[in-house]
Structures are given as C-alpha cells and as structure tokens.
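According to our numbering, the sequence shown is numbered sequentially starting from 119.
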Amino acid sequence: LEQGSVYLNLNDRKRGPFKAIGGQEVSGSEKIIAKKTTSYELWNRVTGDDDTAEIERP
Numbered sequence: 119l120e121q122g123s124v125y126l127n128l129n130d131r132k133r134g135p136f137k138a139i140g141g142q143e144v145s146g147s148e149k150i151i152a153k154k155t156t157s158y159e160l161w162n163r164v165t166g167d168d169d170t171a172e173i174e175r176p
C-alpha cells in the first residue's frame, strides 16, 4: 500500500477507512480499495458517508 493513502477493506467495512503506514501490505484474502482511485459517490456509499439528499414526503 502507498504510505499515507487512505484505503478501505471491503471485508471489514465496520472498521472504516484507514491510512496506510510504511511497509504495510495486503494479504490475499483482503479486498482493499483506495480512496484516490474510487469515485466519491461510490466511496461515500461503501463507507456509509452517503450525503445524498432524500426526498421529503408530506
């Protein structure tokens, strides 16, 4: 992983995003996505930060 970049392990989404430290590597069973290569809409959806406005119903 690139030091200082933000990632999310899709197998452990409850843990939330994390910033990589030097020498950190991914095991074969981990499903890691990088924030910088993921669209903000998808990133917000998978991290639970979906700020999409909901339609208010009367």
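Glycine is no exception: its CB is placed at the ideal position from the N, C-alpha and C atoms.
Everything numeric in this text was worked out from a predicted model, so none of it was measured.
query	result
Quick check on Val144: does DSSP put it in helix, strand or coil?	coil
Per the DSSP calculation, Asn127 is bridged to which residue(s)?	Ile150
Alpha carbon to alpha carbon, what distance is there between Tyr158 and Arg131?	16 Å
Using CA atoms only, rank isn't needed, just tell me which of Asn127, Ser123 and Gly166 is closest to Ser145.	Asn127
Are Asn129 and Lys153 closer than 8 Å when you measure CB to CB?	no
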